[in-house]
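Contents: one structure, followed by commentary.
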Amino acid sequence: MPELPEVEVLVRFLAPLLPNKIVGDVDVRRARVIAPTSIRKLKTSLLGAEFTGLTRRGKFLLFNLQSPNRAEPFKLLGHLGMTGRMYLLPTRNALPKHAAVVLNLGDENFIFEDTRYFGRFTLDLSGLEKLGPEPLGEEFSTDYFAHGLSKSRQPIKVKLLDQSLVAGVGNIYASEALFRAGISPRLSARRLNSSQVERLRQSIREVLTEAIECGSTTPLDYSGSELRDRLFYFGSSGTDNFYEERLRVYDRQGQSCVVCGNPIRRIVQAARSTFYCRTCQR
DNA sequence: CACCATGTTCCTTG
DNA sequence: CCAAGGAACATGGT
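According to the numbering used here, the residues represented by the first sequence are 1 to 282, in order.
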C-alpha cells in the first residue's frame, strides 16, 4: 500500500498506539526483510525495548525505540515495498500467511506482513541518506525543483519516481500529478518551462495532500484479514473501491478523460505503466 | 500459459 | 565518473 500518502496515513494511525508498548519477543520469519541486520542483532536490540514514537520520511516509516539496556534511543526503519502492511493484532489471532516479522507486545502482536517481501524492517538507516526533500515541506521549493529537473533528459514521469529528487512520489501519484498539471509524461524533464515546473510542483502537493485527507477519514481497522485495509488500491472487494474512483487517470486506460472525454492512454516508461490524456497533457 | 502489479537495487551499457 | 535502461527480487490476480 505504498506511496507517501498511504504511509502517512498509516503512521498517523499507528503512532498513538505504540508508545509504552514493550517488545517481549521477536520472530523474524523472512530474514531478507531485515537485511543487512542479522536476526541476532535485531533481537538483541529490540528485546525489552519500548516504542517511543513513529514518524515518516518519504515512503519510509521511522520507529523510535528506547532500550533499558542502553543510554541512547535508537531507530528502526520500515518500508512497505509494494505489498507491505503493518498493524497490531490480538495475540490470539492467527498470523497471516506472509508475516515477515512479528513482535510480541504483550496481549497483541505488531505484524509486518508483506506478500512479495520487497519491504524492509531493519536497523540499517542508510536508505534515508539519498532521499530528496519532503514534497509537502518548504525545502521542496520552485528553485530546487527547477534546478533538479534541468539536469535530466529522462521523461518527466520517470524523473518523478527518483526518490533523490523528491521523496515519496510513486507510480500512481506521478501519473495523477502530471494529469493535474496538464503536462505530458513523455516530456523531457529539462524541457519543462518555469510555469510548468511550478504547476507540477503544486500539483504534486495537491494530489498528495488530498490523498492523505481522503485516507485519514477512512477507518483503518485491520483486525486481521476480515476487515479490509481500505488504503489498498486493489483487492477492493465489494463496496470499498472509492479509493480507486478518486484517481483520474491511473489504471483507467480506455475510459473517458474526466475533463475532455477522450480516452485515457496507457504507455510504458522505464518498464512501468503511465496513464495520461493525450489531449489534456502536452 | 501470458501478462500485470503501489518499489528499490544491482548490473550493464553508452 | 555519470546517466539511463533493464533485469531481478517474490507472489498473487486476472
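Just so it is clear, CB atoms sit at the ideal spot from N, CA and C, and this is done for glycine as well.
Where residue i and residue j are concerned, what is the direct C-alpha to C-alpha distance, given to the nearest angstrom?
| i | j | result |
| --- | --- | --- |
| R282 | A177 | 14 Å |
| S236 | R246 | Note that S236 scores 35 on pLDDT, short of 50, meaning its location in the model is unreliable; the coordinates nonetheless yield the value given after this. Cα to Cα, S236 sits roughly 14 Å from R246. |
| S273 | T44 | 42 Å |
| K130 | G81 | 17 Å |
| Y276 | S188 | 16 Å |
| A211 | A167 | 16 Å |
| P263 | H98 | 38 Å |
Just checking my contact of residue i with residue j at CB under 8 Å: how many whole Å lie between their CB atoms?
| i | j | result |
| --- | --- | --- |
| E3 | K75 | 22 Å between Cβ atoms; not a contact. |
| T122 | T37 | 5 Å |
| R190 | K151 | 7 Å |
| F112 | G78 | 7 Å |
| Q154 | G132 | Not really, about 15 Å apart at Cβ, beyond 8 Å. |
| G53 | P19 | 7 Å |
| L105 | K21 | 4 Å |
Would you mind sorting residue i into buried or exposed? The rule is 16 or more other CB atoms within 10 Å of its CB.
| i | result |
| --- | --- |
| D107 | exposed |
| S184 | buried |
| S257 | The amino acid at residue 257 is misidentified as Ser; the sequence shows Cys. Counting Cβ neighbours within 10 Å, C257 comes out buried, since at least 16 surround it. |
| C260 | exposed |
| R120 | buried |
| G215 | buried |
| S194 | exposed |
Residue range of the beta strand (DSSP E) that residue i falls in?
| i | result |
| --- | --- |
| I111 | 108-114 |
| E50 | 50-57 |
| F13 | Unbroken run through F13 is the alpha helix (DSSP H), 4-14; no beta strand (DSSP E). |
| I267 | 265-269 |
| S273 | 272-276 |
| R191 | R191 -> no beta strand (DSSP E), and no H or E assigned at all. |
Where do the ends of the alpha helix (DSSP H) carrying residue i lie?
| i | result |
| --- | --- |
| D143 | 142-150 |
| T44 | 39-46 |
| V259 | Run containing V259: none; DSSP gives neither H nor E here. |
| N171 | 171-181 |
Original post:
If you pair each beta-carbon of the region 59-75 with each one of the region 88-104, do three or more pairs fall below 8 Å?
Top reply: no
Original post:
Does the region 195-204 come close enough to the region 140-148 to have 3 or more Cβ pairs within less than 8 Å?
Top reply: yes
Original post:
With a cut-off of 8 Å, do at least 3 Cβ pairs link the region 21-41 to the region 129-140?
Top reply: no
**OP:** Count the CB pairs spanning the region 83-91 and the region 38-57 that are closer than 8 Å, and state whether there are at least three.
**Re:** no
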